[in-house]
Amino acid sequence: MSSTSLNLIAIGVFTLTLFTVVGPLFNVSPVVPAGITAVVLGLGALDTLSWQNRGSDILLELFAPEAERERVIHHEAGHFLVAYHLGVPIKDYTVTAWSAWKKGYPGKGGVQFDYSEIELTKLVTVLLAGIAAEMIIYGKAEGGESDRQQVSIALSAVGLSTPAQRQKVRNALASAQQILQENQQSYQSLVSAMSQGLSVAECYGVIS
25 MSSTSLNLIA IGVFTLTLFT VVGPLFNVSP VVPAGITAVV LGLGALDTLS WQNRGSDILL
85 ELFAPEAERE RVIHHEAGHF LVAYHLGVPI KDYTVTAWSA WKKGYPGKGG VQFDYSEIEL
145 TKLVTVLLAG IAAEMIIYGK AEGGESDRQQ VSIALSAVGL STPAQRQKVR NALASAQQIL
205 QENQQSYQSL VSAMSQGLSV AECYGVIS
């Protein structure tokens with residue numbers, strides 16, 4: 025179960041506890057908090073089993089601070105710009121869980137690449153570019169867990185040892201950071217374009 029679904033369950037438990045304490049003061053029937061908790065827990069289970077946690081992602085996104093949304097855009101712009109400079113075709117992108125759900129993509133958002141003919145080093149560099157962007161802009165990366173998982177899968181698939189994988193990751197991360205640092209003006213223009221929801225073609229236009 026994802027952290028977002030667990031958050032929904034935590035909300036349900038908190039609601040039950042709160043109503044248990046303050047309910048009698050306002051003559052609230054015990055049935056009310058029990059019913060609310062049952063609904064929340066049921067939705068959490070349904071979301072996990074049937075919707076791959078998309079519902080909880082969308083719900084929590086509604087209450088996310090603007091700074092968190094900006095971080096997501098900066099992260100995805102990192103993927104986009106590095107892919108562009110490495111010649112990796114970009115098919116689409118989303119920066120919210122809602123837009124990802126509408127387009128049928130998993131997760132909270134992301135850049136959709138054409139992986140059909142991509143060399144391993146380029147693949148790893150593009151996958152780590154979001155983390156690289158966050159490190160440059162914010163000093164550390166909070167997102168990118170799924171990116172790291174994809175990198176690990178890709179490197180393990182070719183039989184690299186653990187030390188070799190770590191070196192590959194360090195090199196790719198450094199390469200992504202260099203590309204982003206050398207193209208900061210284009211990067212900031214891309215962040216603005218993606219914030220406005222411009223098309224891939226239009227995003228290409230602002231960085232070419």
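Residues 25 to 232 in the numbering used here are what the sequence shown spells out, letter by letter.
Here a beta-carbon is modelled for each residue, glycine too, at the ideal position from N, C-alpha and C.
Note that the structure is a prediction, hence the values are computed from the model and not measured.
- Fully enclosed beta strand (DSSP E) runs of no fewer than 3 residues occupy 114 to 118 of the stretch 84 to 132, in order along the chain.
- Sixteen is the threshold: when 16 or more other Cβ atoms of the shown chains lie within 10 Å of the Cβ of GLN201, as they do, the residue is buried.
- Under the three-pair Cβ rule at 8 Å, the stretch 186 to 200 does not count as touching the stretch 117 to 129.
- In the structure shown, GLN136 falls within a strand segment according to DSSP collapsed to helix, strand and coil.
- Short of 8 Å from the beta carbon of VAL96, and not among the five residues preceding or following it, lie these beta carbons of its own chain, in chain order: VAL119, THR120, LYS132, GLY133 and GLY167.
- CA-CA distance, SER223 to GLY111, rounds to 18 Å.
- Judged by their CB atoms, VAL135 and GLU100 are nearer to each other than the 9 Å cut-off.
- In this structure, VAL230 keeps its C-beta atom at 9 Å or more from the C-beta atom of SER219.
- Beta-carbon to beta-carbon, LEU152 and VAL175 are separated by about 6 Å, close enough to satisfy the 8 Å threshold.
- DSSP places ILE142 in the coil class of the three-state scheme, outside both helix and strand.
- In this structure, GLU169 sits away from HIS98, with a CB-CB distance that is not shorter than 9 Å.
- A straight line joining the alpha-carbon of ASP116 with that of ASN195 spans about 27 Å.
- Taken atom to atom, the span from the alpha-carbon of SER180 to that of ILE155 is near 20 Å.
- Residue burial annotation: TYR211 is buried, with at least 16 other C-beta atoms found within 10 angstroms of its C-beta.
- LEU214 places its beta carbon 9 Å or farther from that of PHE137.
- In this structure, the alpha-carbon of ILE161 lies about 27 Å from that of ILE177.
- Per DSSP, reduced to three states, the secondary structure at ALA165 is coil, with no helix or strand assignment.
- Secondary structure at GLY154: helix, using DSSP grouped into helix, strand and coil.
- Per the coordinates, the alpha-carbon of GLN205 lies some 22 Å from the alpha-carbon of ARG93.
- Taking every protein chain shown into account, the CB of TYR139 has fewer than 16 other CB atoms within 10 angstroms, so this residue is exposed.
- Assignment of beta strand (DSSP E) within the stretch 187 to 225, counting only whole runs of 3 or more residues, yields no such run.
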